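Scroll down for the structure; my scribbles are underneath it.
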Amino acid sequence: MLRLRAIYPCSWRVFQFRTCSCKPLISQMIKCTDEEQVFDLIKKNKATFSEKQVECAFNILWQFQQQRTSFLKNVDCIRDYPHFLTLHNLATSQIEFMDDDTLVNVLYFIQQCAPEAHDLLVEALVIESWRRLERFDINVLSKFSSCLANQLLYYSPLMGKIADIVHRNLETIDDLRLKSTILLMSEELTSQQALAVMSAMEEMESRNSHLIKKIASILHKHLDDYKPFELLKITQTLTFLHFQSKELFVKLRELLLRYLKISVIPSEIAILVYALSILPSSNLCEVEISQIEAVLPQCDLNDLNGFATSVLRWIHYDRKYLDSTTGKQLKLLQKLDHYGLQRLRNSNSLNLLWKELKSLKGDWFTESLLEETVATLLRLMDEINSKNVAEIASFISRTNYLNTLLLDRIASVVVQQIEKIHPFEILGIILPFSALNYDPPQNDEFFRICIQHLNSHLTHSMNLYKENHPRNQYSCEETVLPQCPPLLSPFPTLLSPKGGLEPPMLVFLGFSLAALGYFPEDLLKAIFNIKFLSKMDSQLELLCSSLNRRVQFRLMELNRAVCLECPEYQIPWFHDRFCQQQYNKDIGSMNGAQKQIYKMLAEVLGGTNCVKASVLTPYYHRIDFECVLDKKKKPLPYGSHNITLGKLPEMHWESNTQITGSRLPPGAERIALQFLDSRAFCRNIPHLKGKSAMKKRHLEILGYHIIQIPHFEWNSMALSTKEARMDYLRERIFGEGKS
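The sequence shown maps to residues 11 to 749 in my numbering.
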């Protein structure tokens, strides 16, 4: 795939324009007559080797190999030279200084001279190329795609991204031969390569309609060759990419139904039904529903969840047609509930149960099985140990369900078995405590042990980024975080090729601890320094947009928390521009409950000039409503600088919340009223979650008196009349009942 042009050994003339310091050594290497002379020069000059000299050395070694007849034997011979490792290490240390052409040339030469499948230098070069991909010119891109082909990475998302770049730049390519090669490219894709490219385009959220149409036509041509799970992937991807083709979707439906009629494997039937539910205007007849019912006793929780998700989707789209088919679907949903609950109640092994639980998500699981799942985990919680504690903890954090006995058990296991737990699992362990705002009984010991254990590996990671901590010298306004390319590296997503933690892990760790009120100074000063932030900035293109936004927000929220809660660290606030851009995108409007509260607040406080809606504080916390009371608890009106919805405030009190005639009078206080919907609380009890609790702390630090209006109070029977709600607001604001 993407055989855009062959890579030929680099011509000697590429070295004609080296700097003066490079020329003498390069000239000496060019005159070498065998490998031993090259390695001798490397040995003598390793302290001053530049990236261009590294490129030259690999090039010459490759030239010598081409002159030999016994290729493999001589490659082994090169790798056995004592100073081949020296050259290898020199190349690794020079990667960030290489220009694009040098980077790809070195990648090609090292592939020829050291073709091990998991060579760390190869991986580091490929990852750096991934980061620069958008800026590669078409010739460098061509060379790079050939290098990927040499590594058999035909199915890597990188190939899909390269194809997307090529198609976007077709009009700017002047080389007619090269353009011709590209326009034949798509036709050469096999069925599996086309599927890989389409999956990569989904991951990149591509909207290149020309390329989508081309790849979809290849998928259509090979549709009969795909297996059920591949047909599901095709259906999901085409739907995500908003591709429409009645002919293609009709054929997909025919194939899925054909497989469904002959399949007897529960997991395969679940896949087929799920794919059918995604297709437009698709439903099941009674015969097919009966086929599903017949296999339910054999299904695990994953299969049952797949069936339930499909049925709920059909019910959602077919609500207006209350026919016999919809009635059958409702009965099927009841049977799914029954078998799901039965499977949980019969579980007697936590490890076996976990295999089914770990990927469960969706409305059916949450509404029908969550309570019983927690009960089952409680019944089996003695089996929580060092091997499964991080996974169970992460699962609990995703459920938003607070069970203190389970979290206490997790904390106890960690304290007792910390030496058996990998430091990289600490984030997963901390997540439920952070998200659900819960401190276990031995919280100080628990968090101290977690942080200490993490430090055993964190020091190496910090050394990759840490410089002397500069103050007020940040060059990065908005930062993003990296992710190793999938299907490209054996390293976990959040680990760097050098064995340390990548920036996402460090930022998420920092935020999770900050939400709990813990601020490890070494971790924070490792994150908030120029080298770390620059590394994050350079890796923007490795992230899909959703992860990109999530990580940027986490870094901003961590920056805000440190500035407000640990001013002694003197870490500056550098997210003004980022927050302003986000606010401009998300001005929004008040929901029904907020509109009700706003009108009533205006009556309670004496007019709309005494209350402000959607206020931004310093550090960009949004407050639903703000008012100011004098020392006698009398509302004070705002002056002409009142901030209206949609207008950005400056970061000063006097411009943000100007009181008529002056700043706040002595004894006056600012009141922040927040309407808290269900997202602010744990799913099962009215316990404030971590982010909401952190916001409350921050507003108090900023000088606000906080009044929280929980949704379950505002919408309760006790406040079913306007008069009751008005009294509720008066009592919360003034400490009094009826007027």
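Glycine included, every Cβ here is placed at the ideal spot set by N, Cα and C.
Because the structure is a prediction, the values reported are computed rather than measured.
Close beta carbons around residue i, own chain, < 6 Å, minus the five adjacent residues each side
i           : result
residue 516 : 537
residue 750 : What the structure shows of the chain is the stretch from 11 to 749, and residue 750 is not part of that stretch, so it cannot be assessed.
residue 357 : 363, 386
residue 135 : 117
residue 114 : 150, 153, 154
residue 407 : 441, 442, 445
Selected residue, minimal CA-CA separation from residue i, among the options
i           : options            : result
residue 240 : 721, 709, 205      : 205
residue 718 : 633, 692, 606      : 633
residue 49  : 93, 69, 34, 63     : 93
residue 644 : 680, 569, 407      : 680
residue 145 : 110, 402, 263      : 110
residue 323 : 52, 314, 287       : 287
residue 708 : 631, 642, 723      : 631
residue 687 : 648, 604, 745      : 604
residue 108 : 75, 142, 91, 721   : 142
residue 216 : 347, 228, 175      : 175
residue 279 : 525, 249, 314      : 314
residue 296 : 712, 706, 274, 338 : 338
residue 273 : 305, 255, 591      : 305
residue 610 : 294, 449, 427, 740 : 740
residue 256 : 327, 131, 291      : 291
Inter-residue spacing [alpha-carbon to alpha-carbon] between residue i and residue j
i           : j           : result
residue 615 : residue 352 : 56 Å
residue 122 : residue 72  : 7 Å
residue 750 : residue 588 : Here the chain covers residues 11 to 749 and nothing more, so residue 750 does not appear.
residue 703 : residue 340 : 40 Å
residue 623 : residue 738 : 19 Å
residue 743 : residue 730 : 19 Å
residue 63  : residue 140 : 23 Å
residue 689 : residue 698 : 9 Å
residue 44  : residue 60  : 21 Å
residue 102 : residue 119 : 14 Å
residue 367 : residue 416 : 16 Å
residue 54  : residue 97  : 12 Å
residue 350 : residue 381 : 12 Å
residue 443 : residue 390 : 20 Å
residue 735 : residue 715 : 20 Å
residue 585 : residue 556 : 19 Å
residue 434 : residue 34  : 47 Å
residue 264 : residue 411 : 42 Å
residue 235 : residue 267 : 15 Å
residue 483 : residue 112 : Legend: pLDDT at residue 483 = 31, less than 50; position of this residue unreliable, value from coordinates given subsequently. Cα to Cα, residue 483 sits roughly 32 Å from residue 112.
residue 733 : residue 602 : 18 Å
residue 156 : residue 172 : 11 Å
residue 722 : residue 745 : 20 Å
residue 105 : residue 396 : 38 Å
residue 56  : residue 75  : 23 Å
residue 664 : residue 724 : Low per-residue confidence applies at residue 664: pLDDT is 36, beneath 50, and the placement is therefore not dependable enough to give any value.
Contact under 8 Å by Cβ, residue i with residue j
i           : j           : result
residue 413 : residue 700 : no
residue 514 : residue 461 : no
residue 299 : residue 242 : no
residue 677 : residue 640 : yes
residue 674 : residue 638 : yes
residue 424 : residue 399 : yes
residue 388 : residue 311 : no
residue 521 : residue 607 : no
residue 445 : residue 420 : no
residue 573 : residue 583 : yes
residue 463 : residue 440 : no
residue 393 : residue 360 : yes
residue 581 : residue 534 : yes
Cβ-based neighbour list, residue i, same chain, cut-off 7 Å, excluding 5 preceding and 5 following
i           : result
residue 303 : 342, 345
residue 245 : 262, 285, 288, 289
residue 451 : 418
residue 258 : 226, 230
residue 319 : 284, 372, 374
residue 564 : 517, 518, 521
residue 612 : 618, 621
Beta-carbon contacts of residue i that lie in its chain and below 8 Å, excluding the five residues immediately before and after
i           : result
residue 223 : 253
residue 52  : 59, 67, 93, 96, 97, 100
Problem - Inside the segment 677-723 only - beta strand (DSSP E) runs reaching at least 3 residues - result: 679-686, 714-720
Exercise for the section: Enumerate, from N- to C-terminal direction, the unbroken beta strand (DSSP E) stretches of 3 or more residues contained entirely within the segment 542-594. Expected result: none
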